[in-house]
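Peer 1: The listed protein sequences derive, respectively, from chains L and V.
Under my numbering, think of the first position of the first sequence as 1, with each following residue one higher.
Under my numbering, think of the first position of the second sequence as 1, with each following residue one higher.
Virtual Cβ for every residue (Gly too), placed ideally from N, Cα, C.
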Amino acid sequence: MADIHITVRRSPLGRVRGLGSAHGGVHHWWIQRLTAVALLPLTIWFVISVFSLLGAPQTAVAAFVASPVNTVLLIALVYASLHHAQAGLQTVLEDYIHQDGGRVVAVLAVKALCVFLGMAGIIAVLKLAFTTGR
Amino acid sequence: MLERPDPRMKDSRDALMIARNSDGKLVRRPLSPHLQTYRWPVTMLSSILHRATGVALSVGCLLLVWWLVAAAGSPGYFAMVEGFIGSWLGVLMLLGWVAALSYHVLNGVRHLLWDTGRGFAHEGLNGTSYVVLGATAVLTLLVWVIGFAAWR
Numbered sequence: 001m002a003d004i005h006i007t008v009r010r011s012p013l014g015r016v017r018g019l020g021s022a023h024g025g026v027h028h029w030w031i032q033r034l035t036a037v038a039l040l041p042l043t044i045w046f047v048i049s050v051f052s053l054l055g056a057p058q059t060a061v062a063a064f065v066a067s068p069v070n071t072v073l074l075i076a077l078v079y080a081s082l083h084h085a086q087a088g089l090q091t092v093l094e095d096y097i098h099q100d101g102g103r104v105v106a107v108l109a110v111k112a113l114c115v116f117l118g119m120a121g122i123i124a125v126l127k128l129a130f131t132t133g134r
Numbered sequence: 001m002l003e004r005p006d007p008r009m010k011d012s013r014d015a016l017m018i019a020r021n022s023d024g025k026l027v028r029r030p031l032s033p034h035l036q037t038y039r040w041p042v043t044m045l046s047s048i049l050h051r052a053t054g055v056a057l058s059v060g061c062l063l064l065v066w067w068l069v070a071a072a073g074s075p076g077y078f079a080m081v082e083g084f085i086g087s088w089l090g091v092l093m094l095l096g097w098v099a100a101l102s103y104h105v106l107n108g109v110r111h112l113l114w115d116t117g118r119g120f121a122h123e124g125l126n127g128t129s130y131v132v133l134g135a136t137a138v139l140t141l142l143v144w145v146i147g148f149a150a151w152r
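#1: With a threshold of 9 Å between beta-carbons, can V:S58 be considered close to chain L, or not?
#2: Does the CB of V:W151 have a neighbour CB from chain L at under 9 Å?
#3: In angstroms, rounded to a whole number, what distance separates the CA positions of V:V138 and V:V132?
#4: Output needed for V:L94: all residues of its chain with C-beta closer than 8 Å, excluding positions within five of it in sequence on either side, in chain order.
#5: Can you list the alpha helix (DSSP H) stretches of 4 or more residues lying completely in the stretch 26 to 71 of chain V, in chain order?
#6: Of the residues L:H28, L:Y79, L:S49 and L:P57, which one's Cα is nearest the Cα of V:A70?
#7: Should L:H84 go down as buried or exposed, given a rule of 16 or more other Cβ atoms within 10 Å for buried?
#8: Using the Cβ count rule (16 or more neighbours within 10 Å means buried), how would you classify V:M1?
#9: Kindly say whether V:L68, judged by its beta-carbon, lies nearer than 9 Å to any beta-carbon of chain L.
#10: Using beta carbons (cut-off 9 Å, strictly below), is L:V115 in contact with chain V?
#11: Any C-beta of chain V sitting closer than 9 Å to the C-beta of L:K127?
#12: Just verifying my parser: in three-state terms, what is the DSSP assignment at L:A112?
#13: Under the rule that 16 or more other beta-carbon atoms within 10 Å means buried, what is V:L106, buried or exposed?
#14: Which residues in the same chain as L:G118 place their Cβ atom closer than 7 Å to its Cβ, once the five residues preceding and following it in sequence are excluded?
#15: Can you pull the chain L residues whose beta carbon is under 9 Å from the beta carbon of V:A121, in chain order?
#16: Is the number of C-beta pairs between the stretch 107 to 116 of chain L and the stretch 85 to 96 of chain L that are closer than 8 Å three or more?
#17: Would you tell me roughly how many angstroms separate the C-alpha atoms of L:I97 and L:S11, rounded to the nearest one?
#18: Could you work out which residue in L:G55, L:V16, L:S49 and L:T131 is closest to V:E82 when comparing CA atoms only?
#19: Could you check whether the Cβ of L:D3 sits closer than 8 Å to any heavy atom belonging to the ligand SAM?
#20: For the alpha helix (DSSP H) containing L:R33, name the first residue and the last one.
#21: Using a Cβ-Cβ cutoff of 7 Å, what residues of the stretch 43 to 56 of chain V are near chain L? List them in chain order.
#22: Going straight from the alpha carbon of V:V143 to that of V:S58, what length do you get?
Laid out in structure tokens, this is it:
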């Protein structure tokens, strides 16, 4: 049997850094997992909480959001959801858009949309937290 | 190789799908995997569903933020958003959101288990695909029933 060998066309430094061709290493992958794990308990908490808020008057919703524990958990939920959505949508766009220009524009547009949505959600939660009941 | 265009060819693309069989006879070969005739392995379905539900849930994020912004807005605006959520389209979106979330969460756990190096055996992959699909149906129905019961 012939000897099998693999030629690695990468410098020892490159291998140690492990950043790959995108120079980002496993950052994107890790963020997707980190936010996924965070979203598991947050989502279960949110769905259970929403049961009590279905059809509730605005004052009840405001009181719910303004409760300190709920304020913190909602901000975490909005942040993790949109970070996770952004990472996932970026993967989808990178898979299906083959033109460099279109792909970059689409990824950046989705990123911007997610950032603005996240800010809007967090500011709405904070506004309710600081203004409810005064 | 074909010496001359085959009369059975209707289109130049057919050239790629005509070949000789073991008897040397020209036969029409099917395009494979042809999405309309190819039987999808369940793993293919569970994979694309994860992506599809992920995209759907991203739209759901829009609804979540809209609801929070409405709660922080004027009573009139909140009533308008509540009205939309209570409309047939809003209820349909909520039901779809629950189904998509159930699947994405359950299949997401499967992905996280894969990340630990577990569950890659061929039979195991098919099996857990069915488990996730079945569990999604049960969880979705459960949340729908509790949701309708809790709705004021």
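Peer 2: According to the data block:
#1: yes
#2: yes
#3: 10 Å
#4: I85 and G147
#5: 42 to 71
#6: L:P57
#7: buried
#8: Confidence in V:M1 is poor, its pLDDT being 48 and thus under 50, which makes the residue's placement too unreliable to answer from.
#9: yes
#10: no
#11: yes
#12: helix
#13: buried
#14: V78, Y79 and L82
#15: Near V:A121 there are no residues of chain L at all, since even the closest Cβ is about 22 Å away, more than 9 Å.
#16: yes
#17: 31 Å
#18: L:G55
#19: Among the components modelled here there is no ligand, and therefore nothing to report on the ligand SAM.
#20: H27 to L53
#21: R51, G54 and V55
#22: 20 Å
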